[in-house]
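Below is one structure, written out as C-alpha cells; comments come after it.
Protein chains: 2
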Amino acid sequence: MVEIVTRADAAAQPRLPLSRERVLAAAVALADEGGVDALSMRKIAQALGVVPMALYKHVANKNELLDGMIDVVVGEIAPPEANTGWKTAIRRRVLSARRMLLRHSWASGVIESRMKARVTPTPVVMEYLDSMIGIFRAGGFSIDLVHHAMHVMGSRLLGFSQELFEDSSGREPDPDAMPPEEMAARYPHITELAMAVTHDNESVVGSGCDDQFEFEFALDLTLDGLERLRDAT
Amino acid sequence: MVEIVTRADAAAQPRLPLSRERVLAAAVALADEGGVDALSMRKIAQALGVVPMALYKHVANKNELLDGMIDVVVGEIAPPEANTGWKTAIRRRVLSARRMLLRHSWASGVIESRMKARVTPTPVVMEYLDSMIGIFRAGGFSIDLVHHAMHVMGSRLLGFSQELFEDSSGREPDPDAMPPEEMAARYPHITELAMAVTHDNESVVGSGCDDQFEFEFALDLTLDGLERLRDAT
DNA sequence: ACCTGAACACCGTTCAAGT
DNA sequence: ACCTGAACACCGTTCAAGT
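Chains as they are written, first to last, in UniProt numbering: chain A, 1 to 233; chain B, 1 to 233.
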C-alpha cells in the first residue's frame with residue numbers, strides 16, 4: 001500500500017507529536033511576525049501541518065490559548081536578583097520586562113485585555129507580581145506604600161500619547177495628511193516640541209526620540225519619588 | 001400600491017436620514033454596552049434599521065469607523081481652563097480624561113491600537129495633546145522637560161498589574177480557582193498586600209481598593225516630581 | 001447615479017460520522 | 001476511544017445587478 005496523500009503545508013517537522021508547548025510556541029511566533037489580529041486557530045494549525053481541530057486537544061479555546069501565550073512571554077522576564085538593593089533590583093526587573101514587551105509587540109495589548117477578562121491573572125503573572133512586591137518589602141517599604149507603588153508603576157496617566165513620536169514606518173498612511181505649515185499653525189506646542197527633539201539629537205533617524213532614555217527617565221522619577229515618601233516616615 | 005415590506009428591526013427612528021454622526025453615535029453606544037469585540041458593521045446597521053452596506057457611505061471601513069469613535073469620546077474631555085495654575089489645570093484635564101475612559105471602557109484599548117496603526121493621531125487627539133503641552137509651557141517648563149513630562153504621563157512602567165485588585169464581578173470564572181491557603185503559600189506578598197488593603201477600608205465592597213485615590217496618588221507623585229525637576233533649574 | 005442583495009474569503013467552534 | 005471533515009453561525013468587504 002502506497003501513501004498517496006501529499007501534505008502540502010507542513011512547515012514544521014512532519015511527524016513530531018503535537019503538544020501544548022508546540023502549539024503555544026507556534027502561536028507566539030506567528031503573533032511576533034504578523035501581529036495578534038492576523039493570528040487564527042486555522043493559521044496556527046497550518047503552520048504546524050495539522051488540521052485545525054487538532055489544536056483543541058491542547059488548548060480549550062482561543063482565549064485559553066492567549067492566556068498560555070502570556071505565560072510563555074512573561075516567563076521570559078529575568079528572575080529577581082539577590083545581593084542588590086531594592087532600587088537596582090526593581091530597575092533591572094522592569095527593564096527586563098520592557099525588553100520582553102519590545103520583542104513581542106502584541107503582548108502588552110493581549111495581557112491588558114486578558115487581565116480585564118479574567119478573575120485571577122495566570123500563575124506566571126501572579127508569580128511576577130508577587131516577587132516584585134517582595135523586593136519593595138525587603139527594601140523597607142510599608143505595605144500601604146507598596147500598594148500605592150504597584151498602582152503607580154502600572155498606571156498610565158494619559159490614556160495615550162506614548163506612541164505620538166514613535167517610529168512611524170510601516171504605519172497606515174494618513175488619509176488626509178496635513179501640510180507642515182498647517183500643522184505648525186494648528187498645533188503650535190506639538191510642533192515646538194517635535195522640533196526641539198529632532199534638533200537635540202540629529203544622529204537618531206526615524207522617530208528622533210530616544211524611547212529607552214524616556215522610559216528610564218519615567219522609571220527613575222517614580223522610584224525617586226517613592227524613596228522620598230518612604231524616608232519621610 | 002401597498003407597502004408590503006415590514007421592517008422588523010428598526011430600533012432607531014425609521015426614516016431619519018443616515019449621517020456620519022448617527023453612525024458613530026450608534027457605534028459608541030453599542031461598544032459601551034457590549035464591548036468592542038461584539039461591535040460589528042452588521043450590528044451597527046441593524047441597530048440603525050439599515051442594510052450593512054449603507055454604512056460604507058459614511059465611513060470608509062471599520063478602522064476609519066474606530067478612528068471616528070475615538071474622536072467622539074476624546075471630544076468629551078473637558079477643555080482647558082483659564083485662570084488656574086498649571087498644576088490644577090493639568091490635574092483637572094487628566095481627571096476629566098479619566099472619567100471619559102471609565103465611561104467608555106473600550107476606549108483606551110481602541111485608542112492604543114489605532115495610535116499604533118496610524119502615522120498621525122486624529123485631529124481631535126492632536127488638539128488634546130497640543131493643549132496639554134501648552135499648559136506645561138505656560139507653567140514655565142522648558143521644552144525638553146515638557147517632552148519628558150509627556151512621556152512620563154503616558155508611560156506604564158509595568159506592562160500590567162493595574163487590573164489586579166479591581167472589581168472582578170462579571171469576569172470569566174477561573175478554570176482552576178486556587179484555594180486561599182494555597183494562594184497565601186504561593187504568593188505571600190500579594191496576599192499580605194490584599195489583606196492590608198481590605199483591612200484598611202472595610203466600607204468598600206468589591207475590590208476593597210480605592211482606584212480613584214490610587215490614580216490621584218500616582219498623578220500627584222508625578223506632578224510633584226516634575227515640579228521639583230523644574231525648580232532645580 | 002445611487003443603492004443593495006448576493007457572494008467571497010475568511011473566522012471560532014460544534015457535532016456527527018469515520019476509524 | 002480517538003480523530004477529523006463538514007457544517008454552522010458569524011465576520012468585513014467586493015461587486016455586479018437592479019433601480
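Idealized CB from N, CA, C, for every residue including glycine. Since this is a predicted model, take the numbers as computed values, not measurements.
Exercise. How many whole angstroms separate the CB atoms of residue 81(A) and residue 92(A), which I take to be in contact at a CB cut-off of 8 angstroms?
Worked result: The residue given as residue 81(A) occupies position 81 in the first sequence. The residue given as residue 92(A) occupies position 92 in the first sequence. Contact flag correct, Cβ pair sits at about 6 angstroms.
Exercise. Can you tell me where the alpha helix (DSSP H) with residue 147(B) in it begins and where it stops?
Worked result: Numbered from its first residue, the second sequence carries residue 147(B) at position 147. Secondary structure note for residue 147(B): its alpha helix (DSSP H) is the uninterrupted segment 143 to 154.
Exercise. Are three or more beta carbon pairs between the stretch 94 to 104 of chain A and the stretch 48 to 57 of chain A nearer than 8 angstroms?
Worked result: No, the stretch 94 to 104 of chain A does not touch the stretch 48 to 57 of chain A.
Exercise. Should residue 33(B) go down as buried or exposed, given a rule of 16 or more other Cβ atoms within 10 Å for buried?
Worked result: Reading the second sequence from its first residue, position 33 is the one you call residue 33(B). Per the 10 Å Cβ criterion, exposed.
For this session: Taking the CB atoms as reference points, tell me whether residue 44(A) and residue 30(A) lie closer together than 8 angstroms.
Result: On the first sequence, residue 44(A) is found 44 positions in, with the first residue counted as 1. On the first sequence, residue 30(A) is found 30 positions in, with the first residue counted as 1. Annotated as proximal: residue 44(A) and residue 30(A), with beta-carbon spacing under 8 angstroms.
Problem set entry | Contact set for residue 134(B): own chain, Cβ-Cβ below 8 angstroms, skip 5 residues either direction | The residue given as residue 134(B) occupies position 134 in the second sequence. The answer, listed in chain order, is 80.
For this session: Kindly say whether residue 38(B), judged by its beta-carbon, lies nearer than 8 angstroms to any beta-carbon of chain A.
Result: Numbered from its first residue, the second sequence carries residue 38(B) at position 38. Residue 38(B) does not count as touching chain A.
Exercise. In or out: residue 141(B) buried (at least 16 other Cβ within 10 Å) or exposed?
Worked result: Within the second sequence, numbered from 1, the residue matching residue 141(B) stands at position 141. Residue environment for residue 141(B): buried (at least 16 other C-beta atoms within 10 angstroms of its C-beta).
Problem set entry | Min CB distance residue 126(B) to chain A below 8 angstroms | Within the second sequence, numbered from 1, the residue matching residue 126(B) stands at position 126. Chain A contact via Cβ: present.
For this session: Quick one: give me the first and last residue of the alpha helix (DSSP H) that residue 109(B) is part of.
Result: As a working mapping, residue 109(B) is identified with position 109 in the second sequence. Run containing residue 109(B): 107 to 117, per the alpha helix (DSSP H) assignment.
For this session: Within 10 angstroms of the Cβ of residue 182(A), are there 16 or more other Cβ atoms? Answer buried if so, exposed if not.
Result: By one-based count along the first sequence, residue 182(A) stands at place 182. Here residue 182(A) is exposed. Its C-beta has fewer than 16 other C-beta atoms within 10 Å.
For this session: Identify whether residue 14(B) lies in helix, strand or coil by the three-state DSSP scheme.
Result: Reading the second sequence from its first residue, position 14 is the one you call residue 14(B). Confidence at residue 14(B) is low in this model, with a pLDDT of 47, below 50, so its placement is unreliable and the value that follows should be read with caution. Correct three-state label for residue 14(B): coil.
Exercise. With 16 as the cutoff for other CB atoms within 10 Å, does residue 19(A) come out buried or exposed?
Worked result: One-based indexing of the first sequence puts residue 19(A) at position 19. By the neighbour-count rule (16 or more Cβ atoms within 10 Å), residue 19(A) is not buried but exposed.
For this session: Determine the extent of the alpha helix (DSSP H) in which residue 87(A) is found, giving its start and end residues.
Result: By one-based count along the first sequence, residue 87(A) stands at place 87. Note, residue 87(A): alpha helix (DSSP H), 86 to 103.
Exercise. Are the C-beta atoms of residue 144(A) and some chain B residue less than 8 angstroms apart?
Worked result: For the purposes of this step, residue 144(A) is taken as residue 144 along the first sequence, with counting starting at 1. Using a CB distance cut-off of 8 angstroms, residue 144(A) counts as an interface residue toward chain B.
Exercise. Should residue 222(B) and residue 153(B) be called a contact, given that it needs their Cβ atoms to be closer than 8 angstroms?
Worked result: As a position in the second sequence, residue 222(B) is number 222, starting the count at 1. As a position in the second sequence, residue 153(B) is number 153, starting the count at 1. In this structure, residue 222(B) lies near residue 153(B), with their beta-carbon atoms less than 8 angstroms apart.
Exercise. Going along chain B in order, which residues have a C-beta closer than 9 angstroms to the C-beta of residue 96(A)?
Worked result: For the purposes of this step, residue 96(A) is identified with residue 96 of the first sequence, where counting begins at 1. Here the premise fails: no neighbours, minimum Cβ distance about 11 angstroms.
Exercise. In whole angstroms, what separates the C-alpha of residue 205(A) from that of residue 196(A)?
Worked result: Along the first sequence, one-based indexing puts residue 205(A) at 205. Along the first sequence, one-based indexing puts residue 196(A) at 196. Model confidence at residue 205(A) stands at a pLDDT of 46, short of 50, so the residue's coordinates are unreliable; what they give is reported in the following sentence. Taking the CA atoms as reference points, residue 205(A) sits about 15 angstroms from residue 196(A).
Exercise. If residue 193(A) and residue 147(B) are in contact, beta carbons under 8 angstroms, what's the gap, nearest whole angstrom?
Worked result: Here residue 193(A) refers to the residue found at position 193 when the first sequence is read from its first residue. Here residue 147(B) refers to the residue found at position 147 when the second sequence is read from its first residue. About 6 angstroms separates the two Cβ atoms, so the contact holds.
Problem set entry | Contacts around residue 120(A), its chain only, beta-carbon distance under 8 angstroms, and the 5 residues preceding and following it disregarded | In the first sequence, counting from the first residue as 1, residue 120(A) sits at position 120. Taken in chain order, the residues that qualify are 126.
Problem set entry | C-alpha distance - residue 115(B) paired with residue 71(B), whole-angstrom precision | Position 115 of the second sequence holds residue 115(B). Position 71 of the second sequence holds residue 71(B). Rounded to whole angstroms, the separation of the alpha carbons of residue 71(B) and residue 115(B) is 12 angstroms.
Exercise. Taking 8 angstroms as the CB-CB cut-off, is residue 217(A) touching chain B?
Worked result: Position 217 of the first sequence, counted from the start, is the residue given in the question as residue 217(A). Answer yes: the Cβ-Cβ gap between residue 217(A) and chain B drops below 8 angstroms somewhere.
Problem set entry | CA nearest to the CA of residue 48(A), picked from 117(A), 180(A), 24(A) | Numbered from its first residue, the first sequence carries residue 48(A) at position 48. The option with the nearest alpha carbon to residue 48(A) is 24(A).
For this session: In the DSSP assignment, find the unbroken alpha helix (DSSP H) run with residue 37(B) in it and report its ends.
Result: As a position in the second sequence, residue 37(B) is number 37, starting the count at 1. Under the DSSP assignment, residue 37(B) falls outside any alpha helix (DSSP H); it carries neither an H nor an E label.
Exercise. Listing by chain order, which chain B residues have their CB less than 7 angstroms from the CB of residue 187(A)?
Worked result: The residue given as residue 187(A) occupies position 187 in the first sequence. Chain-ordered, the chain B residues with CB closer than 7 angstroms to the CB of residue 187(A) read 126, 130.
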